[in-house]
Structures are given as C-alpha cells and as structure tokens.
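All the letters of the sequence shown, read from the start, carry residue numbers 364 to 511 under this note's numbering.
The block underneath contains the structure these notes are about, expressed in structure tokens.
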Amino acid sequence: MARLQLELPEDAFRYTTRMTVRSTDINAGNHLGNDALISMLSEARSRFLFEHGIAGGGNAEGLGVVVTDLATLYKAEAHERDVLLFEVGVMDFNKYGGDITFRVSRPADGTLVALAKNGFVFFDYRAGKVTAMPEAFRARFPGVSQAT
364 MARLQLELPE DAFRYTTRMT VRSTDINAGN HLGNDALISM LSEARSRFLF
414 EHGIAGGGNA EGLGVVVTDL ATLYKAEAHE RDVLLFEVGV MDFNKYGGDI
464 TFRVSRPADG TLVALAKNGF VFFDYRAGKV TAMPEAFRAR FPGVSQAT
C-alpha cells in the first residue's frame, strides 16, 4: 500500500494558534493519541473559521462548513504539557469549498509533529444542503489555488 503524501504550499498557511497537550490527550504509548490530535485539528479549524466569519453552527445567514475528508501524516510524538503550534490555511478552492491545511509543530524544539488536510464544503443549515462558497469568504484569500 502506498504511503499517504501531502504537498502543502508554504503560502497556504495564514493563521496560527497554540494548544497544550493535556494529560487526557495521552494514549497507552505515552504520547499524543491520534484521536486527540484530530480533536485538536478540529479546534484549530474552528478558531480559523471563526476568525474569518464562520462560526461552528453557521454565520448569521445560516452558512457553515462541513468536513468531507481528512488526511493526516504523523511525523513525531508529542507529550503531555507540550505546547503545539497549529498553522492553518486554505488551498484548492472550488465552487463549494476546498481544503483546510494544517502544520503542527512543537516550537520548543522546532519539531514537526503532523501535517493534515481537511476537505470542506459550505453548507446552508437553513436549507439543509451544500451551497456555493460565499464570495466574501473567497475574497479573504486572494491567490488561493483553484482545484482542477
């Protein structure tokens, strides 16, 4: 089976946030569990979207995003009390959404912990269906690549 590869352009990252690994995030191997990392990625995505006018349950017009897929590459272990830097960005826009990208590192020693990418689409919670990406959102990210 071929290994997953992620090509994340440096200019895709447009937002940063930090989170500390909690004791409850540690698995039997005594490092950050994959389930906990995915929860942290979700929180980083939520913070990023909120910064750009999209709240968890949707904005004032009832628009939000739905995650369509997730790809994650684990590069190094993280441990309890490690402070992790989550760099978040976007790429490959299409009519309905695109990809949200993540680079997770440990600033204390510069270690790359993980790379990840979420596919997403905009969702109209009032109508209960996928909808086109709002132009106001797209305009926040000039130069973002378009999916082919």
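For each residue, glycine too, the CB sits at the ideal point set by N, CA and C.
Rounded C-alpha distance that separates residue i from residue j
i    : j    : result
R503 : A399 : 30 Å
S468 : Y378 : 14 Å
K438 : R501 : 31 Å
A499 : L478 : 28 Å
S402 : G452 : 17 Å
P497 : K458 : 9 Å
F411 : G491 : 23 Å
Residue i in three-state terms, based on DSSP
i    : result
F376 : strand
E443 : coil
S508 : coil
A499 : helix
D432 : strand
Integer Cβ distance of residue i from residue j, believed to fall under 8 Å
i    : j    : result
F456 : V507 : 5 Å
G427 : F486 : 6 Å
N390 : L433 : Not confirmed; about 18 Å, so no contact.
Continuous beta strand (DSSP E) stretch holding residue i: start and end
i    : result
S409 : That residue, S409, is in no beta strand (DSSP E); its alpha helix (DSSP H) goes N397 to E414.
N481 : T474 to D487
I463 : G460 to R469
Start-to-end residues for the alpha helix (DSSP H) that takes in residue i
i    : result
A495 : It is not in any alpha helix (DSSP H) - A495 carries neither H nor E in the DSSP assignment.
Burial state of residue i (16 or more Cβ within 10 Å)
i    : result
L367 : exposed
N397 : exposed
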